[in-house]
Ligand code: 6PG
């Protein structure tokens, strides 16, 4: 028998994704170097048309042409090694899909390399973790439009659905899918950072117990903040250790790891000249968190601070999260707008918000509002300038300022919130003090400046 779909890499993500595809009626075969993974796939998939093999040649022989082969292997070198290994077997028209978190430059390179050989390449971001892979992820594909048509039935049936709409669509050419997924992850970093700042305030500032914090997040999840990340946070505060009566969250070392997609978002923002300070601060806080020893040293030198200040309410904290949550999306989407121009992706932001509504880690009720904003104006400069969104921002900004002042007064690190407020204030300041920066540049380096009263470029030669 020959199969509709092939998948390489039968780790948890890979196994779950192939089972999802097979369950949706597409016969599938997995390739792995590990017999146990194949056995597991076959036993989990015994009710579907699913098979596994250890052998590359067998894998290729058993796939319908043009072959549709998805790679779910770690990003970086493993993707290149698999492609190199497959070259002798690949035929014109075959489709390779990279479903990992690959860097967009790598995707552009692989796309061109394979295009020269008449092999098609799809860079597809897949979000939703291992559960999403099984139950329906959000899929962000970038490729040639006719090639997308060939994979569309499989992706649409495997993806999450919101009101019947699949959480996948054609995004654009070449690396657009991986770029959109990278931004998704940048926003993910920002929201996780903001939620953790809120946890710090609720626990050490307002002195709430884990049970109370659970209830706070439960309530927040019933309102405008309804989202996957708020929902899992709610549940985390109830989880108890297996060996003691402690909450697991209290036993976890406070060093956050990262695989790099947040950092890439910041790096690319700098390259394209986009300001995304909330996302930058989330990356920066993960870095600071890794210096545990140093932070303990700092605590000894400056003393840890005991907070005795109840001057803000849980509702203020909720509003500050709502404000900075929206700012995080505004920053990520503004970066996408610039990247779309720079890289000629021709992205449709309403569609992006639409496929982020389900399956992915940043899924949130507010994405409906964001979709509406881009439906009204597909060229919206910044999400914060939409009427509907600006109403929510106006209603939440004063509580956000109050919470940020509370954090400063009580020595609570809140880089995410402070950056969000500062970003917002900068965006609504018609005249920034950068005239002075221009004067300084001209003074020490004759870098010239423009004037508000005359056209042209000027240099002043009597600064000192
Ligand atoms: C997703 C996640 C997924 C992964 C992150 C973790 O959309 O399903 O984003 O891709 O869990 O990459 O990233 P860090 O290890 O960098 O936190």
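In our numbering, the protein residues as written are 452 to 915.
Using N, Cα and C, we set each Cβ at its ideal position, and we do this for glycine too.
1. Just to confirm, is the Cβ distance from residue 675 to residue 664 under 7 angstroms?
2. Count the CB pairs spanning the segment 503-523 and the segment 626-643 that are closer than 8 angstroms, and state whether there are at least three.
3. Name the residue from 661, 643, 659 whose alpha carbon lies nearest to the alpha carbon of residue 707.
4. So, at 7 angstroms on beta carbons, what are the nonlocal neighbours of residue 853 in its own chain, with the 5 sequence-adjacent residues on each side left out?
5. Going by DSSP, what residue range makes up the beta strand (DSSP E) through residue 548?
6. Do the segment 828-835 and the segment 770-787 touch if we need at least three Cβ pairs shorter than 8 angstroms?
7. Report back the beta-carbon spacing between residue 729 and residue 779 to the nearest angstrom; my notes put them in contact at under 8 angstroms.
8. Throw me the rounded Cβ distance for the residue 716 and residue 637 pair, which I believe falls under 8 angstroms.
9. By alpha-carbon positions, which one of 840, 915, 875 ends up nearest to residue 893?
10. For residue 624, is the beta carbon positioned less than 6 angstroms from some heavy atom of the ligand ADP?
11. Checking 7 angstroms against the spacing of the C-beta atoms, do residue 518 and residue 545 come in under that value?
12. Would residue 742 be called buried (16 or more neighbouring beta carbons within 10 Å of its own) or exposed?
13. Under 8 angstroms by Cβ, that's how I've got residue 591 and residue 622 pegged, so tell me the actual separation to the nearest angstrom.
14. Pull up the DSSP beta-bridge partners for residue 503, would you.
15. Relative to the C-alpha of residue 530, which residue among 476, 460, 514, 847 is closest?
16. By the 10 Å Cβ neighbour count, where 16 or more other Cβ atoms means buried, how is residue 464 classified, buried or exposed?
17. Please tell me whether, using a cut-off of 6 angstroms, the distance from the CB of residue 578 to the nearest non-hydrogen atom of the ligand 6PG is below it.
18. Could you tell me how far apart the beta carbons of residue 810 and residue 589 are, in whole angstroms, since I believe they sit closer than 8 angstroms?
19. Using the rule of at least 16 other Cβ atoms within 10 Å of the residue's Cβ for burial, across every protein chain shown, is residue 604 buried or exposed?
20. Can you give me the Cβ contacts of residue 816 inside the same chain, cut-off strictly under 7 angstroms, excluding the 5 residues immediately before and after it?
The relevant details are as follows:
1. No; because the gap between Cβ atoms is not below 7 angstroms, this pair is not in contact.
2. Judged by pairs of C-beta atoms under 8 angstroms, the segment 503-523 does not touch the segment 626-643, as fewer than three such pairs exist.
3. With respect to the C-alpha of residue 707, the residue from 661, 643, 659 having the closest C-alpha is 643.
4. Same-chain partners within the cutoff: 763, 767.
5. Taken as a continuous stretch (DSSP letters only), the beta strand (DSSP E) holding residue 548 covers 546-549.
6. As far as the Cβ criterion goes, the segment 828-835 touches the segment 770-787, which means the pair count is three or higher.
7. So it is a contact: roughly 5 angstroms between Cβ atoms.
8. Indeed, because the Cβ distance is near 3 angstroms, the residues count as touching under 8 angstroms.
9. It is 915.
10. Looking at this structure, you won't find the ligand ADP anywhere; what it does contain is the ligand 6PG.
11. In contact: residue 518 and residue 545 (Cβ atoms closer than 7 angstroms).
12. Exposed, by the Cβ-count rule.
13. With a Cβ gap of about 6 angstroms, residue 591 and residue 622 count as contacting.
14. Paired residue(s): 481.
15. Residue 460 is the option with its Cα nearest to residue 530.
16. Buried: at least 16 other Cβ atoms inside 10 Å.
17. The answer is yes for residue 578.
18. That pair is a contact at about 4 angstroms.
19. Exposed, because fewer than 16 other Cβ atoms sit within 10 Å of the Cβ of residue 604.
20. If we look at residue 816 and ignore the five residues flanking it on each side, its Cβ neighbours are 675, 677, 678.
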